[in-house]
Amino acid sequence: MRRKVHDFSHRRRAQRPAHWRTWEGDRDLGDVIRHQVQPDEGVVLECVTILLSNLLYDASVGASPVPLDFSALDVVLQQQVDDLIAACQQSVAPVYIVTNELDMSITPENRLACHFVDIVGRTNQRLAQTAQEVWLVVSGIEVKIKCR
Numbered sequence: 027m028r029r030k031v032h033d034f035s036h037r038r039r040a041q042r043p044a045h046w047r048t049w050e051g052d053r054d055l056g057d058v059i060r061h062q063v064q065p066d067e068g069v070v071l072e073c074v075t076i077l078l079s080n081l082l083y084d085a086s087v088g089a090s091p092v093p094l095d096f097s098a099l100d101v102v103l104q105q106q107v108d109d110l111i112a113a114c115q116q117s118v119a120p121v122y123i124v125t126n127e128l129d130m131s132i133t134p135e136n137r138l139a140c141h142f143v144d145i146v147g148r149t150n151q152r153l154a155q156t157a158q159e160v161w162l163v164v165s166g167i168e169v170k171i172k173c174r
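Adding 26 to a residue's 1-based position in the sequence shown gives its number in the working numbering.
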């Protein structure tokens with residue numbers, strides 16, 4: 027799975043303008059925004075769903091979904107999101123965050139997958155509440171959801 031994500035990221039990076047800097051990571055992205063971004067740059071964070079997936083994967087390695095402490099996992103994930111939101115609010119550069127809307131698809135039967143969909147949904151709500159603009163792209167068509 028990580029290989030597929032890497033291949034996807036590589037293809038997306040190749041589509042970007044050559045002058046864009048790329049930083050890849052799966053945690054502490056608030057620190058990246060605070061310390062790596064210059065005022066004349068913009069930031070595209072792609073994607074929150076992959077960030078959460080990587081954090082969830084790291085927490086669940088070697089465990090079956092049944093013994094996972096979802097409450098403790100939520101705390102870790104939400105700390106990362108809180109830090110990301112704080113960094114975005116403090117940033118002098120514009121920050122664009124890409125995520126996926128998973129609640130519009132089939133509800134999975136797997137307990138871990140259901141919990142992941144819930145985490146992504148709550149994270150998206152929190153990001154949207156603090157964002158100046160929110161857009162939904164459906165079949166390549168951009169729909170404005172929120173604009174301050």
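Here a beta-carbon is modelled for each residue, glycine too, at the ideal position from N, C-alpha and C. Note that the structure is a prediction, hence the values are computed from the model and not measured.
Asked	Found
Flag this pair as touching only if the segment 121-128 and the segment 74-82 have three or more C-beta atom pairs under 8 Å; answer yes or no.	yes
Count Cβ pairs between the segment 34-50 and the segment 92-106 that sit closer than 8 Å; are there 3 or more?	no
Per DSSP, what are the beta-bridge partners of GLU168 in this structure?	VAL163
Using a Cβ-Cβ cut-off of 7 Å (strictly less than) and excluding sequence neighbours within five positions of ILE59, which residues of its own chain qualify?	VAL69, ALA113, CYS114, SER117, VAL121
So is THR177 buried or exposed if we call it buried at 16+ other beta carbons inside 10 Å?	One cannot answer for residue 177 here, as it falls past the ends of the chain, which runs 27 to 174.
In the structure shown, what three-state DSSP assignment does ILE76 receive?	helix
First and last residue of the beta strand (DSSP E) that includes ILE59?	Per DSSP, ILE59 belongs to no beta strand (DSSP E); it is in the alpha helix (DSSP H), 55-62.
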